[in-house]
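Here is the structure we will look at, set down as structure tokens.
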Amino acid sequence: MFKYFPHTEGDIKAMLNTCGMSSLDDLYSDIPQELQFKREYALPDAMSEIEVRKFFDELGAKNQPLKCMIGAGCYDHYSPAVVKSIVERSEFLTSYTPYQAEISQGTLQYIFEYQSMMAELTGMEVSNASMYDGCTATAEAMMMACAASRKRNKVLISATVNPVVTRVVETYAKYHGVQVVTIDERDGVTDKADFEAKVAADDVAGVIVSAPNFYGIVEDYTGWADTCHKHKTLFIINSVASALGVLKTPGEWGADIAVGDGQSLGIPMNFGGPFVGYMCTSKKLIRKMPGRIVGQTHDLDGKRTFVLTLQAREQHIRREKATSNICSNESLMALYITVYLALMGKQGLKEVNQLSYSGAHYLADRLTDNPHFTMRYPGKPFLNEFAVRVDGDIDALQRQLRETQGVQFGLKIAPDTLLLCVTETISKQDIDNVVEMCNHVIEREEIENE
Amino acid sequence: MFKYFPHTEGDIKAMLNTCGMSSLDDLYSDIPQELQFKREYALPDAMSEIEVRKFFDELGAKNQPLKCMIGAGCYDHYSPAVVKSIVERSEFLTSYTPYQAEISQGTLQYIFEYQSMMAELTGMEVSNASMYDGCTATAEAMMMACAASRKRNKVLISATVNPVVTRVVETYAKYHGVQVVTIDERDGVTDKADFEAKVAADDVAGVIVSAPNFYGIVEDYTGWADTCHKHKTLFIINSVASALGVLKTPGEWGADIAVGDGQSLGIPMNFGGPFVGYMCTSKKLIRKMPGRIVGQTHDLDGKRTFVLTLQAREQHIRREKATSNICSNESLMALYITVYLALMGKQGLKEVNQLSYSGAHYLADRLTDNPHFTMRYPGKPFLNEFAVRVDGDIDALQRQLRETQGVQFGLKIAPDTLLLCVTETISKQDIDNVVEMCNHVIEREEIENE
Amino acid sequence: YYGKLIFELSKPGRVGYSLPKNELSGEYRMSEGLPAELLRNSDPALPECDELTVVRHYTNMSNNNFGVDTGFYPLGSCTMKYNPKINDEMAARRDFASLHPLQAVESVQGALEVYYNLQCSLAEIAGMSEFTLNPFAGAHGELTGLMIIRSYHMSRGDDKRTKIIIPDSAHGTNPASSAVCGLDVVEVKSRPDGTVDVDALKPLLDDTVAGMMMTNPNTLGLFEHNIAEIAKLVHACGGLMYYDGANLNPMLGKCRPGDLGFDVMHINLHKTFSTPHGGGGPGSGPVGVRAGLEKFLPNPRVVRHEVAADNDDEAATPEFTIDFGDDALGSISGFLGNFAVQMRAYTYILTLGHEHLKMVGPLATLNANYIKESLKNDYELPIPTVCKHEFVFNGLKDKSTGVTTMDVAKRLLDYGYHAPTIYFPLLFHEALMIEPCENESKETLDGFIAVMHKIAQEARENPDLVKGAPHTTPVRRLDDTQAALHPVVTYKELTEQ
Amino acid sequence: YYGKLIFELSKPGRVGYSLPKNELSGEYRMSEGLPAELLRNSDPALPECDELTVVRHYTNMSNNNFGVDTGFYPLGSCTMKYNPKINDEMAARRDFASLHPLQAVESVQGALEVYYNLQCSLAEIAGMSEFTLNPFAGAHGELTGLMIIRSYHMSRGDDKRTKIIIPDSAHGTNPASSAVCGLDVVEVKSRPDGTVDVDALKPLLDDTVAGMMMTNPNTLGLFEHNIAEIAKLVHACGGLMYYDGANLNPMLGKCRPGDLGFDVMHINLHKTFSTPHGGGGPGSGPVGVRAGLEKFLPNPRVVRHEVAADNDDEAATPEFTIDFGDDALGSISGFLGNFAVQMRAYTYILTLGHEHLKMVGPLATLNANYIKESLKNDYELPIPTVCKHEFVFNGLKDKSTGVTTMDVAKRLLDYGYHAPTIYFPLLFHEALMIEPCENESKETLDGFIAVMHKIAQEARENPDLVKGAPHTTPVRRLDDTQAALHPVVTYKELTEQ
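Chains as they are written, first to last, in this note's numbering: chain A, 4 to 453; chain B, 4 to 453; chain C, 936 to 1432; chain D, 936 to 1432.
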């Protein structure tokens, strides 16, 4: 037999006998013959583990892991070795949603810790047990705002939100029957006047902005929540989770819903997934919040325990009355975050941000020492991501840095603009090397152009 | 503080207070000042995990993992993914010798399974709970033979035993006061006449041979055990563990002690360690056997349980009367073997050997199609290792194969001889590629020499 | 060890991390460079722990959890199959796991080849034309599939099709996904034999029908034997057929949704393709479509280009690109889905090959029928026909003892088994839905059967023992009501209580 | 789940592996190519199991085990410190773990650099000149060190030096290693304060003394304050001083064996340098020597060569070779020792750096003294002075209850603690030897102290409770005697019983 099938010939015979059958085909007697699949799958022969490893060795050689000076929604942050070793514990990895609380306190307890940590980070009162990613979490916030408003079906979204997020929000909106209106950008930040004008129509369910925004700029939302609330509109802030360790929180800005991606908190980049979406809100709105929630309770002996709660909100109970269909979430990725934050704690997250801040600002300063590089939004405060205008061939520059230094040098977000990012994994030496190469490439280009 | 030290300033103060002290230095008041170490260690500054990973990235780039056509005591066998995942379970990894049996049944039970499996493989009655490696296990067998013989202090060792093993045996012998005499080699196998002559002196405590031997040859030991026993000499066979799945066992040859290295049973090559030595013997000799042994017993409730047993044999009890000083063994490596054999089972180990056999014989045939390559011991039966004479520049050949195909092409055991090995991780395609390159290199050499 | 929260192990000043020295902090201090009004007023109250404390806390916590690696997990409709370790090993490979999704496409060709090959493999297994692997979970796949159906109708200007037909036995996600997608749900009843009532379906079919969602085998584990007729009827009225792949496992080797007339479908990689459930995620819900509907798949997409070899000796090598461009549907994910999950599923398919994949369905089905037949004397079997991967008991046969399905489930925990799914599907009041996967041995099933018999006997002889279960678990039965009435969902709330 | 053996889960025909198809088996069949008399008569009776069965078996078995990651493990003289995960991560790196020890030296330069750097780091920490990392464990290191001492004497033609002096408080391995090395053991008594009696030592010193082995701090956790005088006396008579590094941990940052007059020593990497004990191994026992004795270190050795740079811009890069050549001592290992263990220890040293390494000793010592002072009212403390990393109680202070050290140890298991080392050292009948490492928090120690007080109270109030312990472990107290009288050490024997 095969390593994943324990059935011996004798077992199969005995079991069929119990079922009153004589062959495995008998088990499919209820499927009309003409609907049965009679040929072999056109798939390769089974590979042994030796062959599987060789196969991925060969495919892996077609990839090139790079030093990341790119962010744009996915961040190469340090993850302590402990995180992976805990997440791999098979009692966590191979369990399912904790339906049987008595033998699932491990999962339930870490989700409770996760919720507590995310509430702290966002400055909000409550959190759910995770969502797919930051994009879908933002779309869910949009739907939640519409449901909470009861009859409004318009949301505003700032032009400075990561376009990857906006694209997903717009897709959800299109099918959910929501109108998405963009708030204009002005010098890299959301245009406050445009916001005030558009929200004043009193037909907006929610306003979505981001902090920091797509260009890495930390926008000032002073007064925005009040304006929203005056018009009975929910204020929704999308943030990169890691930045919340130091930046003014959605809670402090007065937001009603805080959403975003938690990947920056110790989760590997994984070529884009799995990540994890977080969603936090006020206690008042908890019953409108989609997704699973773990709450504290007691067992028969009075012991403090944890359990899935407020399930009446969930899709499997509400069925067609549901305002979200989320079922499986990203529980294991929430465990990454929980262990990461348990280790980094109050101080570590601050240091991570300080290191990223220092590196990014040093890179910006050194790079713009060369007049071919100019800040796209000079003077705007940023944390660890910034947009720079390049007077030169961006593609050649990126290729050169990839091939000679193994560096992914930012994301090209316009023909003349690079979005650059620095995290604590990039050293001063890395930055110096990159800047030197940039100057070298630009210089050579100039000579060639002469 | 530091991540491995939980002591806060407050903790230290409170604890010192309990001890009636005022500073950490007070804890060292019993060490004369002039003996204290007053400067800083001349060692690098602490590295963060980010830096540690980068540091090993750089060192790792100075290594080149190769396809292994080399054996000689360390074999690149397949190890199922399950093995590593189980061995990493921290309840196994971070435990110590199972002194407290009530909370160590995990370790005790797998060692019992390991002993059972090794006894099966060697065809012997009993096994100990592991030794350091095959070399030291053989040295321990030598000392055991001397101790069992009471007054004899001479052992014979065949010239066909892996010289790495012989070197260690000789070192132990020198200090233990044992005389080691070599039995001559004849056409790649142990000279039977020389053996019979030397053992006939009736002063030999033990005879050490290997199966297969250093050249990969499977020697015929028919009658050797009887001859040994006639002269009250113990017959000791050293084997590569994996080969015991198919070759005639030490038990079947009539050996008194079976020793060798277990690395070939699922343990990574690890640049030479940790491996694991095995030692199996007869029930009669169990109380002479060094190392730990796990036995079955019952608990107060009559439940079947396992426990360290026959400890009266061990060094910590016998102290200066001990005939072995082994204490820590290679328990975790025994777990590798246990899980490996649980997965491979009866059939898998046979298949592994058949694959290795096929590949090695195919390589030998194809290689010797070229007259510049000739079998050093033609006609001698071998399993998966063989010695080949090369009419050409061996160093250049090895370098060429390493640089172009990433292959370690055997071990040079004489100026004109290569010891080659094939395991199941080497495919027919790999062999064809290697042979083609060999022919190419030899041909080019000839042209250059003309 | 049970009960402490990580916050309760915290002490100010302890750290569990190490970071490089900041060589630049003299020049670049965040607190000076950023305006104070953009910074937090106070630090988050995160725990402060040393490394060992964190390791012990979560190691011990894991021991209060039950997974497939711990024991038999017959949770119906969840396909809790063995999660092979080689899959995890491949997913953790640094040359895949450390890639940024937006790094230069030349530097991720291996990853794109995995994506492309996996979608092709799924298409062959499901009998579809093309798959997107972007959806993050089964429900997300459903939503994506429904968007495809709506896009298809809208692309033809057929805007009135807003009705979706769903059997009453459907998973709760089906109607929920429909609602999120802006569709109106129309329920169709089941017949007493548990399958869709075709006669009840017919009157519902008109030119407002966008499509019909079906799970086949359905949540009772029954193959919808009228599927050909149903598909024909739905197609005849202009609707599309959606296949909920949650129950795909028993079909492997025996039947392909595409051959049954389905147009759009999703697959749960964390069910049929053996990726771990991870305590509730991450999953992955690839969506496939039949030929003609490929253009409605969401972006980003992986596109394969044949590139001629430089010289005649070499084979042509494909090149892959990522198409982020806009299209009718839009994007339902930022990047290419849960790639590490896809790595595992692809490894699973490579490991099984065509020759073992085809045995998955029959052996899973054998296991289910074996349990069903072995227990039907003690447990009420409402539908006695052959089942597929799972089946439903309606509680104990002898209802006089007052022992409920909940009690049976909790008692199973005492015996070291995870409980089956309970109180679903809603068709039966005491539903106990059992799904044993193909990886489970006869010995494991026999052990479970023996314990189920024993519980039935206990229910007769000592019902209070069963009603009070579990007795040996880390905690006893919990007060759900208190949790919901007065929700305490953060440590802060807990300390303020 | 407790008790089944893997053999009892086996069924003929099941497999847990996968191997490539044999493309050559037609031409090359072992059964035809090898003479029958060289092949096994019958297959070994190994288990036949599917993969899931194996995974569950060993996963569950691990849960019947206690490790440092599970809880406090104050096993005296074993230095059960935290085993950092980053060490394991580095040791598992494929670019190190997949190297063959005999592959071309050009292809293993990184590995050799690790070996070389680690031996240099240990030399600095221990105050020695050079180390070999080849020994596989502490006892193996002792043996190697004693061989070095003998080699030294023999190299001078001083063949009569066959006596080795060992204190009565020494670890059992000291005399055993001496015996294996062909040395005659002479025991020297301790004084009432627990340290070596210098007056008792003097008469033993003559020109037959090869050397003296000492553990410092000794097994009572006491620093041998007369060490300078002892070393002087031994050196004066021509002997060498051997340092048993088992108790090195409290010395870190405060004292170096080389500065105390020791000539040869070993270090247990699995104690002081945080590598995991692995249920009893693998360990690693590097041996260091003072200047002048380097040539007596065993082969193979790693040799560093400075290589001038090709051009002036580059720094000189070292090149490393392996010297397998013969020398006076010979080889005590086939290759370069337990390399994966060395990787972990080196990672540990890099992680701590000089600034944290120096805190290891003081904090470990603080923890030990804190427990000692906190419990001395309930437990008999025979030597009340300041201790180093560990200390010894002589059982409960109140001996009237009949509760022994064994009972206290077993009762600790019920409370979730590993027991201390018991009945060692042999100087006290009821020895209870406690070593808490520097990684343990005050909270952990306070918890342990509270339980130790509680057990003392239980011994007074309900001694049978303690004598019957443990009560909550997977199994209860075992019958050691039966095991030793009628040893059953294989499954085959077990089935034949």
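Using N, Cα and C, we set each Cβ at its ideal position, and we do this for glycine too.
- Interface criterion not met: the Cβ of residue 1023(D) is under 8 angstroms from no Cβ in chain C.
- Contacts with chain D at 8 angstroms (Cβ-Cβ) do not include residue 24(A).
- Residues of the segment 1160–1190 of chain D whose Cβ lies closer than 7 angstroms to any Cβ of chain C: none.
- As for any alpha helix (DSSP H) of minimum length 4 sitting wholly inside the segment 71–104 of chain B, the runs are 84–90 and 93–96, ordered along the chain.
- Here the alpha carbon of residue 1241(C) sits roughly 9 angstroms from the alpha carbon of residue 1255(C).
- In the three-state DSSP reduction, residue 1102(D) falls in the strand class (E or B).
- For residue 1022(C), the closest of 1388(C), 1275(C) and 1128(C) by C-alpha to C-alpha distance is 1275(C).
- Annotation for residue 415(A): the continuous beta strand (DSSP E) segment containing it runs 414–417.
- By the neighbour-count criterion, in which a residue is buried when 16 or more other Cβ atoms sit within 10 angstroms of its Cβ, residue 243(A) is buried.
- Among the residues facing chain B, residue 955(C) is included, as its CB has a counterpart in that chain under 8 angstroms away.
- Contact with chain B is found for residue 974(D), since one of that chain's Cβ atoms lies less than 8 angstroms from the residue's Cβ.
- Within the DSSP bridge table, the entry for residue 1201(D) names 1179(D) and 1222(D) as partners.
- Using a C-beta cut-off of 8 angstroms, the segment 117–128 of chain B makes no contact with the segment 147–159 of chain B, since fewer than three inter-stretch Cβ pairs fall below that distance.
- Within chain B, the residues placing a beta-carbon under 7 angstroms from that of residue 994(C) are 93, ordered along the chain.
- Between residue 1064(C) and residue 1238(C), the gap from beta carbon to beta carbon reaches 8 angstroms or more.
- In this structure, the beta-carbon distance from residue 437(B) to residue 408(B) falls below 8 angstroms.
- Under the Cβ distance rule, residue 251(A) counts among the residues neighbouring chain C, one pair being separated by less than 8 angstroms.
- Restricted to the segment 1236–1281 of chain D, the beta strand (DSSP E) segments that are unbroken, complete and at least 3 residues in length are 1236–1242 and 1252–1258, listed in chain order.
- Under the three-state reduction of DSSP output, residue 1343(C) falls in the helix class.
- Rounded to whole angstroms, the gap between the alpha carbons of residue 971(D) and residue 978(D) is 14 angstroms.
- With the rule of 3 Cβ pairs closer than 8 angstroms, the segment 1161–1174 of chain C does not count as touching the segment 1016–1034 of chain C.
- By the neighbour-count definition (other C-beta atoms within 10 Å, threshold 16), residue 382(B) is an exposed residue.
- For the beta strand (DSSP E) assignment, the uninterrupted runs of no fewer than 3 residues enclosed by the segment 1347–1398 of chain C are, from N- to C-terminal side, 1366–1369.
- Exclusion of the five residues before and after residue 380(B) leaves 190, 191, 218, 220 and 390 as the residues of its chain whose Cβ lies within less than 7 angstroms of its Cβ.
- Here the segment 1371–1379 of chain C makes no contact with the segment 1393–1400 of chain C; the two share fewer than three CB pairs at distances below 8 angstroms.
- Remark: C-beta atoms of residue 127(B) and residue 22(B) do not approach each other more closely than 8 angstroms.
- At a beta-carbon threshold of 8 angstroms, the residues of chain A lying near residue 1074(C) are 318, 328, 329, 330 and 331, ordered along the chain.
- Residue 1119(D): not part of any alpha helix (DSSP H); member of the beta strand (DSSP E) spanning 1119–1123, first to last residue.
- The bridge partners DSSP lists for residue 264(B) are 243(B) and 280(B).
- For residue 250(A), the closest of 214(A), 339(A), 76(A) and 376(A) by C-alpha to C-alpha distance is 214(A).
- If you check the CB distance, residue 1013(C) and residue 1370(C) come in under 8 angstroms.
- Inside the segment 157–217 of chain A, DSSP marks whole alpha helix (DSSP H) runs of 4 or more residues at positions 166–179 and 195–202, from first to last along the chain.
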